[in-house]
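So the sequence shown is residues 61 to 349, counted in our numbering. Here a beta-carbon is modelled for each residue, glycine too, at the ideal position from N, C-alpha and C. Fair warning: this is a prediction, and the values are worked out from it, not measured in the lab. Note sheet for the following structure.
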Amino acid sequence: MARRKLTIVVTCTDRKLGLPSETLMARSLPAGTVTERASHWHSRVTAARSETRLLDLYKGESWSQAKRLACTAEKAGFDAEMLVASAGLGLRSVKDLGPVYAATFTRGHQDSVATSTADSALWWSRLPHTVAPTPEVPSIWVLSESYALAMSDQLSNLDPDDSLVFGGAPDTPESLRVRSDRNLRAALGGTVTSLNTRMAIRWLEIAGRSAPTSTEVRHAWAAWASDAHQPEQYDRRPLPDGTIRLLIKEMLGRHPQLSKTVALRNLRASGIACEQRRFSGLFEEACNE
Numbered sequence: 061m062a063r064r065k066l067t068i069v070v071t072c073t074d075r076k077l078g079l080p081s082e083t084l085m086a087r088s089l090p091a092g093t094v095t096e097r098a099s100h101w102h103s104r105v106t107a108a109r110s111e112t113r114l115l116d117l118y119k120g121e122s123w124s125q126a127k128r129l130a131c132t133a134e135k136a137g138f139d140a141e142m143l144v145a146s147a148g149l150g151l152r153s154v155k156d157l158g159p160v161y162a163a164t165f166t167r168g169h170q171d172s173v174a175t176s177t178a179d180s181a182l183w184w185s186r187l188p189h190t191v192a193p194t195p196e197v198p199s200i201w202v203l204s205e206s207y208a209l210a211m212s213d214q215l216s217n218l219d220p221d222d223s224l225v226f227g228g229a230p231d232t233p234e235s236l237r238v239r240s241d242r243n244l245r246a247a248l249g250g251t252v253t254s255l256n257t258r259m260a261i262r263w264l265e266i267a268g269r270s271a272p273t274s275t276e277v278r279h280a281w282a283a284w285a286s287d288a289h290q291p292e293q294y295d296r297r298p299l300p301d302g303t304i305r306l307l308i309k310e311m312l313g314r315h316p317q318l319s320k321t322v323a324l325r326n327l328r329a330s331g332i333a334c335e336q337r338r339f340s341g342l343f344e345e346a347c348n349e
């Protein structure tokens with residue numbers, strides 16, 4: 061019996077195998093419109109040497125869970141094809157080769173490629189995509205809000221009878237979307253950044269050999285999530301500005317390309333309280349010292 065086909069789309073990760081050349085850092089692009097900058101970027105990416113399989117290019121917990129998701133799909137009887145959505149490379153198969161790069165849709169990051177949702181969508185449309193999901197093949201999309209917003213047009217064309225979007229954005233059709241739920245972290249484990257992927261894994265485990273989008277599986281998920289629901293408890297300690305600046309410098313010393321968003325997430329994960337606006341200012345000060 062032929063195995064059922066399934067397309068899995070996940071987002072890339074900030075952590076990669078090695079450091080990019082300066083020309084493949086979005087921060088090095090000349091000033092201009094999004095279209096102009098995207099054109100420069102397209103030329104740089106297509107001219108770069110692509111030596112690493114994308115499956116091996118990305119690193120970190122989120123990527124480990126993405127690979128686990130593909131394995132879970134295979135165990136459930138699917139012939140799964142995994143694609144990766146990248147702000148630097150576009151939509152590609154993880155079997156493709158690609159260069160190390162630094163580009164993100166995260167606002168405020170030094171390698172951010174856009175400052176608005178409209179600009180993110182325009183940038184996405186100009187990337188050197190090499191693949192597209194087959195329309196008649198069921199698909200599972202695991203997307204952060206920033207990627208879901210950039211890919212909004214693509215998501216709006218998905219068939220809810222065949223597709224699920226874990227995470228997503230406010231404009232992601234509700235018929236497709238499985239909202240990220242931090243109250244499931246106790247049951248699923250891991251960090252917030254891998255939560256959407258862990259939810260998708262659990263969904264497939266619950267589905268087993270059934271169609272993932274079926275009404276029965278949706279009801280089974282709802283029942284499991286209700287039982288697993290456990291409100292997160294926060295018990296973080298406040299620290300003075302100087303101490304937080306020192307901690308930020310230490311993080312940047314270990315990871316020079318660390319984004320503000322990830323730095324704040326790491327700080328809070330260590331049990332330290334800091335309001336987002338305050339942290340933003342301290343992060344800028346630490347970078348300029």
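The segment 263-278 makes no contact with the segment 201-212; the number of CB pairs closer than 8 angstroms stays below 3. Short of 7 angstroms from the beta carbon of residue 106, and not among the five residues preceding or following it, lie these beta carbons of its own chain, in chain order: 188.
For the pair residue 101 and residue 250, the Cα-to-Cα distance works out to about 34 angstroms. Counting along the chain, residue 215 sits inside the alpha helix (DSSP H) bounded by residues 212-216. For residue 322, the enclosing alpha helix (DSSP H) stretches over residues 320-329.
Non-local beta-carbon contacts of residue 316 in its own chain, meaning distances under 8 angstroms to residues more than five positions away in sequence, are absent. Between the segment 257-277 and the segment 305-323, the count of Cβ pairs shorter than 8 angstroms is below three; the stretches do not touch. In summary, residue 199 is buried, with 16 or more beta-carbon neighbours lying within 10 Å of its beta-carbon over all protein chains present.
In this structure, the straight-line span from the alpha carbon of residue 168 to that of residue 185 is close to 21 angstroms.
Between the alpha carbons of residue 282 and residue 239 lies a gap of roughly 12 angstroms. Rounded to the nearest angstrom, the Cβ distance from residue 162 to residue 156 is 18 angstroms, too far for a contact under 8 angstroms. Runs of the alpha helix (DSSP H) lying entirely within the segment 98-137, each at least 4 residues long, are 114-117 and 121-135 in chain order.
Using a Cβ-Cβ distance cut-off of 8 angstroms, the segment 143-158 and the segment 284-303 are not in contact, since fewer than three pairs of beta carbons, one from each stretch, lie closer than that value. One Cα belongs to residue 339, the other to residue 324, and the distance between them is close to 7 angstroms. Between residue 197 and residue 66, the C-beta spacing is below 9 angstroms. Residue pairing by DSSP places residue 221 opposite no residue, since no beta bridge is assigned to it. Counting only unbroken stretches of 3 or more residues, no beta strand (DSSP E) element lies wholly within the segment 153-197.
Of the candidates 210, 135, 94 and 309, 210 places its Cα closest to the Cα of residue 146.
Cβ contact annotation for residue 82 (same chain, cutoff 7 angstroms, sequence separation greater than five): 88, in chain order. Rounded to whole angstroms, the Cβ separation of residue 126 and residue 70 is 4 angstroms, and the two are in contact under 8 angstroms. For residue 149, there is no enclosing alpha helix (DSSP H), since its DSSP letter is neither H nor E. Between residue 213 and residue 181, the gap from beta carbon to beta carbon is short of 9 angstroms.
For residue 275, there is no enclosing beta strand (DSSP E); the residue is found in the alpha helix (DSSP H) stretching over 275-288.
Setting aside the 5 residues that flank it on each side, residue 143 is surrounded in the same chain by 67, 68, 69, 70, 151, 152, 153, 154, 191 and 193, each with a C-beta closer than 8 angstroms to its C-beta; the list follows chain order. Where residue 64 is concerned, the enclosing beta strand (DSSP E) starts and stops at 64-71. Residue 313 sits in a helix when the DSSP states are folded into three classes. Residue environment: residue 297 is assigned as exposed (fewer than 16 neighbouring CB atoms within 10 Å of its CB, all protein chains considered).
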